[in-house]
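**Student:** Got a structure for you, written out below as structure tokens; questions coming shortly.
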Amino acid sequence: LVEIPRAVGAAGGALAGLLVAAVLGLTIAMAPLGPGAQRPGFSDLLWKPLLALVAGLALCAAMGWGGVGLRRVIRR
43 LVEIPRAVGA
53 AGGALAGLLV
63 AAVLGLTIAM
73 APLGPGAQRP
83 GFSDLLWKPL
93 LALVAGLALC
103 AAMGWGGVGL
113 RRVIRR
């Protein structure tokens, strides 16, 4: 086992968060709509969901930075 730099862990966490957001967004975009339903417009997705996405990515990056679940200590 080797230890990776914290920046690499943060980048990996942010990348994982982006992948989850992309898959979720595509899933929602491709889902069939019921009769009379409409997809949200750009103005509906601007602030609250955008800030939630940024907060989620920051959380994923912070967990990667801290090495949550990945850090192994090897004692000699």
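Take the sequence shown: its letters are residues 43 to 118, numbered as in this note's numbering.
Every residue, glycine too, gets a C-beta built ideally from N, C-alpha and C.
Pick from Q80, L95, A73: whose alpha carbon is nearest that of V62?
**Tutor:** L95
**Student:** Consult DSSP for L75 and reduce its assignment to one of helix, strand or coil.
**Tutor:** coil
**Student:** Which same chain residues, not among the five before or five after G55, have their C-beta less than 6 Å away from its C-beta?
**Tutor:** Excluding sequence positions up to five before and after G55, its CB lies within less than 6 Å of the CB of C102, A103, M105, G106, all in the same chain and listed in chain order.
**Student:** In whole angstroms, what is the alpha-carbon distance linking G83 and I70?
**Tutor:** Whole-angstrom Cα-Cα distance: 13 Å.
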